[in-house]
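Let me begin by presenting the structure, written as structure tokens, before commenting on it.
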Amino acid sequence: MTDTTIESKKSTESAVLANLPWDPNAPLLEVTDLQVEFHTRDGVAKAVNGVSFDLKAGETLGILGESGCGKSVTAQAIMGILDMPPAKIAGGSIKLRGVDLLQLDEKTRRAVRANKIAIIFQDALSALNPVFTVGWQLGELYRKHTGATRAQAKAKALELMKLVKIPAAEERVNAFPHQFSGGMRQRVMIAMALALEPDIIIADEPTTALDVTVQAQVMQLLAELQREQDMGLILITHDMGVVADVVDKITVMYAGDAVERADVHQIYERPAHPYTKALLESIPRVDMKGQQLAAIKGLPPPLTNLPDGCSFAPRCTFAKDRCLTDDPPLYDVPGNRQSACHYWEEVFNS
Amino acid sequence: MSAPSTEQVPDTAPADDAILSVRDVKKHFPLQQGIVFKRTIGHVKAVDGVSFDLRRGETLGIVGESGCGKSTLGRLLMGLERATSGSIKIEGQETTDLDPAGLRRMRRNIQVVLQDPYSSLDPRMTVGDIVEEPYEVHPDVVPKKQRRQAVKDLLDVVGLNPDHINRYPHQFSGGQRQRIGIARALALRPDIIVCDEPVSALDVSVQAQVINLFEKLQDEFGLSYVFIAHDLSVVRHISDRVGVMYLGKMVEIGNEQEIYETPTHPYTQALLSAVPVPDPSLRGHREQIVLEGDVPSPANPPSGCRFRTRCWKAQDICAAEEPLLQIRTASDHPSACHFAETKDVIHATD
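Going down the list, the sequences are from chains A and B. Take 1320 as the starting number for the first sequence in the numbering used here and just add one per residue. Take 75 as the starting number for the second sequence in the numbering used here and just add one per residue.
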């Protein structure tokens, strides 16, 4: 690649971004009624079924749910990295500062990625390429998006590795991913996400594969960097402990639906949806020796064959006849929160 | 259980009610170099001198981070690995020097439930065949004609539908597969079950079901569990006593209350403080000890105390002299730290 093409690439990407009608007064991220379907041999799986949330700069949103609830698919839809087909975005909008990302062409989407929104995956070993050095991979992203030279990219890689506190960064920059421990690899992923100073970072189960002491290191680093750079952070996890430690507000997902949205303190103190309540009662806590755990009976429904009424009704202790036929909307609950349960008042007051 | 623990010193006699007694057991894996002429260039000291007793009917939790040797310890107990040195006695009988026939007899008494319910069941066998297989190795337990019924009874005991006896593992969910694994472990009516991360592959709502099942079976059959896990909340919930491992050594052992409420070893304290508690009101009110760096290589552990390279209390003596796992002045349970002192790390500090 000659210097002129590098220059043109750099200018095109920033020009593309500059030409978009950003509205600085709009919310940083606003997801409205997002619907994602997967067309499979067994029929249409409704992975995300009308999910809405918003995120302000400097805020941390937790998306909480079990495997198969659609939380990672939501993240991939925001990033624009779903495999389509089989996936299909069936409806809704994802607005970044007022610009609907779903309406953009792929080239523009590519410019938004990494520059505006970046993602950190759970499994850092498979997210990194085993045959290139860590420094090269960090620099590659920087070169591709900004058109920097190799020397500049290498310097940037080193700077990023220092930012995420990788010890002996000068030597480690030429090491391969397998020479790093799990926690250090996850730091590399964070460095990569931060390379272009995005406005939003999506962390999809960032610490699930790590030991608790390393998890504490990584979460502390992530929270620190977010504060310093005033980014929005979306933390996707199934761990109710991690969520309680870092996020400001929570969206709880179940079988593709957002079943409850609330501030983090409210939701732990007084859940307004039976699923949230049951989840909180089913986890053992390290700071007390509990009685028998209140397990949730049964299993989540298959996404290809969701029940007519509330998806949680077959497992719910509050369910009545109406729940089996009538899909609950998101009801407003006092305290600027919402719950998708016909009988939220009963849950709330129980 | 307030009886003083005496098991830490390698040459002490087992407690009277000990069903399993482990003394100074070691497992060193040779590190080899060369293709044709292999020479041993060192040893990975996966388990390096661990002693404990398991009493009849109790659950002993073994916690530690990945690579600390807890799974190797489980394999040693099962006779799946031969100990380099040391003694493992089951009901008074030495098991480390048994021949294959002896091992087979021994395993009637000690069975295992493994972590991954997807890879621990043969996909080409029906559930009935999987649960019945132990009877083929030990034909005298149940007469041939009654085996089918015995398997159905076992499925019923673990909460599966006995009519599903002819189904294959892929037709079951993760939690149900784990129940199949438990039914197989129960088939020979063992006294001891070694559980190696039995719930860590399961979703939270299903995890509670399986934990409750373990507790129910213990009451029903008077089982003793060695419960190996990295999740400290789960271990606290299920265990009567807990041992904490670091780099092949047991660093602290005691009853559940002692380990969680009054830990004395710095590693235990750091580990406990790193566990996120699902209660946002405690945010910022709990002391969090974030350890620096990673676990050193078990092929080349630090001299003296193995934790000293990450420990904030480390002094010269820690490098020179290995601290024994013994009762220290600070508390009634054994701790392998020269500077053991109790510290409450799981509750709010102010």
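Just so it is clear, CB atoms sit at the ideal spot from N, CA and C, and this is done for glycine as well. On a predicted model such as this, the values are computed, not experimentally measured, just so you know.
Are the segment 186–205 of chain B and the segment 253–271 of chain B touching by the rule of at least three beta carbon pairs closer than 8 Å? By the Cβ criterion, the segment 186–205 of chain B is in contact with the segment 253–271 of chain B, since at least three pairs of Cβ atoms, one from each stretch, lie closer than 8 Å.
Interface residues of the segment 1524–1536 of chain A facing chain B [CB-CB below 8 Å]: Cβ contacts with chain B: D1530, V1531, T1532, V1533, Q1534, A1535, Q1536.
Select from the segment 281–308 of chain B all residues with a C-beta closer than 8 Å to any C-beta belonging to chain A, and list them in chain order. Q281, A282, Q283, I285, N286, E289, H304, L306, S307, V308
Can you tell me the Cβ-Cβ gap for P217 (chain B) and D1558 (chain A), rounded? I've got them flagged as a contact below 8 Å. Not quite, the Cβ-Cβ distance comes to about 48 Å (not below 8 Å), so this is no contact.
Quick one: is R251 (chain B) near chain A, going by C-beta distance under 7 Å? Chain A, which has no Cβ nearer than 7 Å to the Cβ of R251 (chain B), makes this no.
Unbroken beta strand (DSSP E) runs of length 3 or more, entirely within the segment 149–213 of chain B: which are they? 159–164, 184–187
E1588 (chain A) (DSSP reduced to helix, strand or coil): helix
What are the boundary residues of the beta strand (DSSP E) that C379 (chain B) is part of? Element bounds for C379 (chain B): n/a, residue is neither H nor E.
With H, G and I counted as helix, E and B as strand and the rest as coil, what does DSSP make of S347 (chain B)? Helix.
T416 (chain B) and T338 (chain B) closer than 7 Å at C-beta: yes
The alpha helix (DSSP H) enclosing D237 (chain B), as first and last residue numbers: No alpha helix (DSSP H) contains D237 (chain B), which DSSP labels as neither H nor E.
For L1618 (chain A) versus S247 (chain B), is the C-beta distance shorter than 7 Å? Closer than 7 Å, so yes.
What three-state label does DSSP hand K119 (chain B) in the structure shown? strand
Is the Cβ of R1604 (chain A) closer than 7 Å to any Cβ of chain B? yes
Where V1561 (chain A) meets chain B, residues with beta-carbon distance less than 7 Å: P350
Go through its chain and collect everything with a Cβ distance to Q245 (chain B)'s Cβ below 6 Å, but skip five positions before and after it. none
Could you check which residue in A:R1656, A:H1661, A:P1633 has the C-alpha nearest to that of D1646 (chain A)? A:H1661
Nearest neighbour of R263 (chain B), chosen from B:M180, B:Q250, B:Q400 [CA to CA]: B:M180
Alpha carbons only, please: which of A:Y1650, A:L1540, A:A1535, A:K1596 is nearest the one belonging to V1507 (chain A)? A:L1540
For the segment 231–319 of chain B, which segments carrying the alpha helix (DSSP H) assignment without a break, of at least 4 residues, lie completely within its bounds, in sequence order? 248–260, 278–295, 306–312
Using a 10 Å radius around the Cβ and a threshold of 16 neighbouring Cβ atoms, would you call F1637 (chain A) buried or exposed? buried
Within the chosen definition, does the segment 1586–1598 of chain A reach the segment 1651–1661 of chain A through at least 3 CB pairs nearer than 8 Å? yes
For I285 (chain B) versus L346 (chain B), is the C-beta distance shorter than 7 Å? no
Give me the Cβ distance between T1556 (chain A) and E1524 (chain A), rounded to the nearest whole Å; I'm assuming they're in contact under 8 Å. In this structure T1556 (chain A) is in contact with E1524 (chain A), their Cβ atoms being roughly 6 Å apart against a cut-off of 8 Å.
Interface residues of chain B facing K1674 (chain A) [CB-CB closer than 7 Å]: The requested residue 1674 (chain A) is not part of the displayed model; chain A covers only 1320 to 1669.
Please state the DSSP three-state secondary structure of E81 (chain B). Bear in mind that a pLDDT of 45 at E81 (chain B), under 50, signals an unreliable position, so the number given afterwards is only what the model happens to contain. Coil at E81 (chain B), not helix or strand.
L154 (chain B), buried or exposed, once every other Cβ within 10 Å from all chains shown has been counted against 16: exposed
I need the DSSP call for E1749 (chain A), collapsed to helix, strand or coil. The shown model of chain A, from 1320 to 1669, leaves out residue 1749 (chain A), and the question about it has no answer.
Beta-carbon proximity check, A422 (chain B) vs L321 (chain B), cutoff 7 Å: No, these two residues do not count as a Cβ contact at 7 Å.
Between the Cα of H407 (chain B) and the Cα atoms of B:A394, B:T336, B:R384, which residue gives the shortest distance? B:T336
Pairwise C-alpha distance: P1496 (chain A) and P243 (chain B): 35 Å
Taking 8 Å as the threshold, find out whether the segment 1440–1458 of chain A comes into contact with the segment 1357–1373 of chain A through three or more Cβ pairs. no
Alpha carbon to alpha carbon, how far is I327 (chain B) from F1372 (chain A)? Give it in angstroms, no decimals. 46 Å
So what does DSSP say about N1368 (chain A), is it helix, strand or coil? strand
Give the DSSP bridge partners of D1582 (chain A), in chain order. A:K1568
Integer-rounded CB distance, given that V187 (chain B) should sit under 8 Å from A259 (chain B): 5 Å
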